[in-house]
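Student: Quick mapping for you: the protein sequence lines, in order, are chains A and B.
When we follow full-length UniProt numbering, the leftmost residue of the first sequence carries the number 1, and every step to the right adds one.
When we follow full-length UniProt numbering, the leftmost residue of the second sequence carries the number 1, and every step to the right adds one.
There are 2 protein chains.
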Amino acid sequence: MVPPFDATAAPSAAMTPPATSPGERAEPGLVAGTRAVFFVSDSTGITAETLGSALLANFPGARFERHTIPFLGSVTAVDAVVARLDRSAAQGTGDAPIVFATVKDAGIRGRLADAGAVVIDLLAGHLTELEAELGATAETRAGQYHGLGDLEQYFRRMRAVEFAIEHDDGQSGRDLASADVIIVAPSRCGKTPTTMYLALHYGLLVANYPLTDDDFPTDGLPRIVAPHAERCFGLTTTALRLSQVRHERRPHSTYASLAQCTLEIRRAEDLYRRTHIPFLSSATRSVEEMSAVILQSMNLRDRPRERPTP
Amino acid sequence: MVPPFDATAAPSAAMTPPATSPGERAEPGLVAGTRAVFFVSDSTGITAETLGSALLANFPGARFERHTIPFLGSVTAVDAVVARLDRSAAQGTGDAPIVFATVKDAGIRGRLADAGAVVIDLLAGHLTELEAELGATAETRAGQYHGLGDLEQYFRRMRAVEFAIEHDDGQSGRDLASADVIIVAPSRCGKTPTTMYLALHYGLLVANYPLTDDDFPTDGLPRIVAPHAERCFGLTTTALRLSQVRHERRPHSTYASLAQCTLEIRRAEDLYRRTHIPFLSSATRSVEEMSAVILQSMNLRDRPRERPTP
């Protein structure tokens with residue numbers, strides 16, 4: 001049983017370490033040829049995981065066993081983490097574990113450096129470069145990129161996620177005029193996760209609308225989205241990929257058949273071309289890549305900051 | 001009008017540069033005392049934005065004007081970006097722009113280094129460290145952290161987002177037994193964005209359930225979630241913050257009154273303590289921080305990899 005967090009105490013004290021503290025956990029034996037990797041952070045660990053994973057992706061021949069240790073120094077005790085790294089170094093192949101660290105406190109960084117691990121410091125070196133360039137000392141207690149932000153930003157994000165839920169899969173035509181983007185596509189081309197990513201990370205109001213057989217008899221976009229054509233963005237994919245994805249939902253259905261998928265994809269792409277709406281294939285792209293292309297092509301990167309406060 | 005992407009062409013060729021290419025865009029005049037910052041990437045730019053912003057957050061006294069240039073070398077022409085950086089350096093205060101770069105191609109990195117900008121290379125140095133440690137050469141064409149991943153991973157993510165939408169705000173009790181976490185809280189404590197973040201980034205099945213006045217007459221958790229108490233996680237906040245957030249939705253309502261908020265928060269925290277479910281205050285935490293605490297305290301970090309393929 002995880003002990004309850006005491007929400008009434010101060011922020012950092014509120015996060016009582018779980019009964020099995022991540023710093024004390026016994027390491028499972030490493031598979032031969034696998035290197036232990038730790039993402040260690042005094043905050044959420046998201047930055048360490050993101051950049052560390054981006055770096056490791058360049059070594060496709062190597063195998064890694066990944067562990068994330070967040071909130072080091074507040075929730076997670078430094079001693080226990082150093083001991084865990086030392087244990088990891090002593091076992092298996094004997095290769096020192098690799099640590100991707102985003103730790104601001106110089107004292108804690110020093111302790112980590114003493115562990116039997118290869119520490120790749122993702123913050124400190126660049127902070128020094130920035131200090132030199134900006135002629136200012138980094139206030140390492142001030143910065144918290146994944147911190148709270150202001151209330152307005154919080155409202156925008158909450159509103160965006162709620163708008164996305166309300167307008168998922170054409171559920172509501174209400175307030176479609178407020179949408180920053182309307183993603184249109186046949187079923188299972190990736191509308192929903194892309195919508196959610198844009199809402200959550202950029203605070204954009206994103207609706208999505210399915211293109212079903214019923215929408216194709218006419219020459220244009222579905223009636224509800226047609227007045228907003230200039231804010232529409234289309235998704236497509238390959239018929240083979242679409243069929244795979246649909247089989248996962250409804251195996252051996254007409255819906256998932258290659259013939260049906262081929263037909264729907266061809267009709268959708270024809271529609272996009274005829275109505276001059278930009279479109280993109282999700283077949284070879286992640287949700288992040290699709291979101292980045294949509295932001296760029298619809299010129300939406302700076303939009304949230306321009307939106308007037310309500 | 002943004003030209004349509006040709007989805008049938010090869011991935012990189014498919015992304016025709018928008019009519020106003022980001023590399024060619026004229027810079028708006030900088031406000032005095034503001035430093036131009038560019039996040040430049042040959043991929044989505046997400047890693048550059050994440051780490052670059054984390055670094056800048058340590059200089060709260062400085063003002064930055066941020067620009068993201070993704071897909072450099074494929075969609076975005078290098079020459080135009082170098083020219084844009086040079087223009088930026090020449091205008092305003094005359095301070096060189098700061099560039100956070102995640103560019104793998106050594107040739108493109110070399111070109112960027114020649115621009116009149118301070119280039120902070122977020123990848124190359126660390127790649128060299130890793131090469132030395134792993135005794136392998138980085139295959140910079142292989143790695144794409146924000147790339148597609150495998151189909152199973154894609155399915156999991158899609159399923160997770162759909163589960164989150166279906167189970168938002170107690171809408172459905174169906175299949176609640178499959179949930180990895182059930183977030184419970186009074187209205188407007190941050191259930192929905194936290195749910196979506198966990199679903200989108202960790203592929204977890206997350207439901208959320210509101211605690212309304214009706215749920216409090218009894219001694220325990222709401223009837224629908226009670227059988228799953230060991231997977232429940234509670235959110236709370238301060239009455240003042242809750243009142244602010246509710247005023248934004250329904251100004252001057254009883255719902256948003258400080259008295260009502262005080263009452264609901266007290267009841268919710270009492271319930272969490274009585275039923276021994278872990279909880280956390282969203283008053284001083286971002287969605288990312290709450291997600292990281294929930295992952296850690298519920299021991300969910302490695303869960304998706306353990307889930308059997310369907």
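Heads up, the beta-carbon is just placed ideally off N, CA and C, and yes, glycines get one too.
(1) What residue range does the beta strand (DSSP E) around Thr236(A) cover?
(2) Flag this pair as yes or no: are the beta carbons of Val40(B) and Leu72(B) separated by less than 7 Å?
(3) Write down the C-beta distance between Arg301(A) and Thr68(B) rounded to the nearest angstrom, noting that I regard them as a contact closer than 8 Å.
(4) Pair every Cβ in the region 199-214 of chain A with every Cβ in the region 148-160 of chain A, then say whether three or more of these pairs are closer than 8 Å.
(5) Would you mind giving the Cβ-Cβ distance between Thr137(A) and Glu131(A), rounded to the nearest angstrom? I have them listed as a contact below 8 Å.
(6) Does Arg266(B) pass the burial test, meaning 16 or more other C-beta atoms within 10 Å, or should it be called exposed?
(7) Use the C-beta contact count for Asp168(A): other C-beta atoms within 10 angstroms, 16 or more gives buried, fewer gives exposed.
(8) Could you name each continuous beta strand (DSSP E) segment of 3 residues or more that falls completely within the region 175-205 of chain B, going from the start of the chain to the end?
(9) I want to verify the contact list: residues of chain B whose CB lies under 8 Å from the CB of Asp168(A), in sequence order.
(10) Just to confirm the assignment, what range does the beta strand (DSSP E) spanning Phe155(A) have?
(11) Do Ala36(A) and Pro97(A) have their CB atoms nearer than 7 Å?
(12) Rounded to whole angstroms, what is the Cα-Cα separation between Pro3(B) and Leu271(A)?
(13) Any beta carbon from chain A within less than 7 Å of Pro222(B)'s own beta carbon?
(14) Residues of chain A with a CB under 8 Å from the CB of Gln91(B): which are they?
(15) Specify the secondary structure class of Ser21(B) as computed by DSSP and reduced to three states.
(16) For Arg25(A), collect the residues of the same chain with a Cβ closer than 8 Å to its Cβ; drop the 5 residues on either side in sequence, then sort them by chain order.
(17) Any contact of the region 239-259 of chain A with the region 223-231 of chain A, i.e. 3+ C-beta pairs under 8 Å?
(18) Report the rounded CA-to-CA distance for Glu248(A) versus Ser257(A), giving the unit in angstroms.
(19) Reducing DSSP to helix, strand and coil, say where Ala10(A) ends up.
(20) Can you give me the C-alpha to C-alpha distance between Gly220(A) and Leu211(A), rounded to a whole angstrom?
(21) In angstroms, rounded to a whole number, what distance separates the CA positions of Gly190(B) and Ile183(B)?
(22) Which bits of chain B does Ile294(A) rub up against, with CB to CB less than 7 Å?
(23) Determine the chain B residues that contact Arg157(A) at a beta-carbon separation under 8 Å, and present them in chain order.
(24) Determine which residues of the region 181-205 of chain A have a Cβ less than 7 Å from any Cβ of chain B, and write them out in chain order.
(25) When the distance is taken between beta carbons, is Glu264(A) closer than 7 Å to Pro186(A)?
(26) For the candidate residues Asp121(A), Phe279(A) and Thr284(A), whose alpha-carbon lies nearest to that of Ser297(A)?
(27) Answer with yes or no whether the minimum CB distance from Pro97(A) to chain B is below 7 Å.
(28) Taking the alpha helix (DSSP H) that Glu288(B) belongs to, which residues open and close that run?
(29) Nearest chain B C-beta to Val225(A) closer than 7 Å, yes or no?
(30) Below 7 Å between beta carbons: does that hold for Thr47(A) and Thr50(B)?
(31) For Thr68(A), go through chain B and note every residue whose CB falls closer than 9 Å to its CB, in chain order.
(32) How many angstroms separate the CA atom of His126(A) from the CA atom of Gln244(A)?
(33) Mapping DSSP to helix, strand and coil, what is Ala106(A)?
(34) Who are the neighbours of Glu162(B) on chain A, taking C-beta pairs under 7 Å?
Tutor: Let me spell this out:
(1) Cys232 to Thr236
(2) yes
(3) 6 Å
(4) yes
(5) 6 Å
(6) exposed
(7) buried
(8) 181-185
(9) Ile165
(10) Segment Leu151 to Glu166 is the alpha helix (DSSP H) holding Phe155(A); no beta strand (DSSP E) there.
(11) yes
(12) Confidence in Pro3(B) is poor, its pLDDT being 38 and thus under 50, which makes the residue's placement unreliable; the coordinate value appears in the next sentence. Approximately 14 Å, taken between the alpha carbons.
(13) no
(14) Chain A residues near Gln91(B): none, gap ~18 Å exceeds 8 Å.
(15) Confidence at Ser21(B) is low in this model, with a pLDDT of 46, below 50, so the placement of that residue is unreliable and no value is reported for it.
(16) Unreliable positioning characterises Arg25(A) in this predicted model, as indicated by a pLDDT of 49, which lies under 50. A coordinate reading is not provided.
(17) no
(18) 12 Å
(19) Caution is warranted here: a pLDDT of 33 is assigned to Ala10(A), below 50, making its placement in the model unreliable, and the coordinate value is therefore given only provisionally. Coil.
(20) 11 Å
(21) 10 Å
(22) Per Cβ cutoff of 7 Å: no residues; Ile294(A) is ~10 Å from chain B at best.
(23) Pro193 and Val287
(24) Thr192, Pro193, Met196, Tyr197 and Leu200
(25) yes
(26) Phe279(A)
(27) no
(28) Val287 to Ser297
(29) no
(30) yes
(31) Ala292, Leu295, Gln296 and Arg301
(32) 44 Å
(33) helix
(34) Thr192
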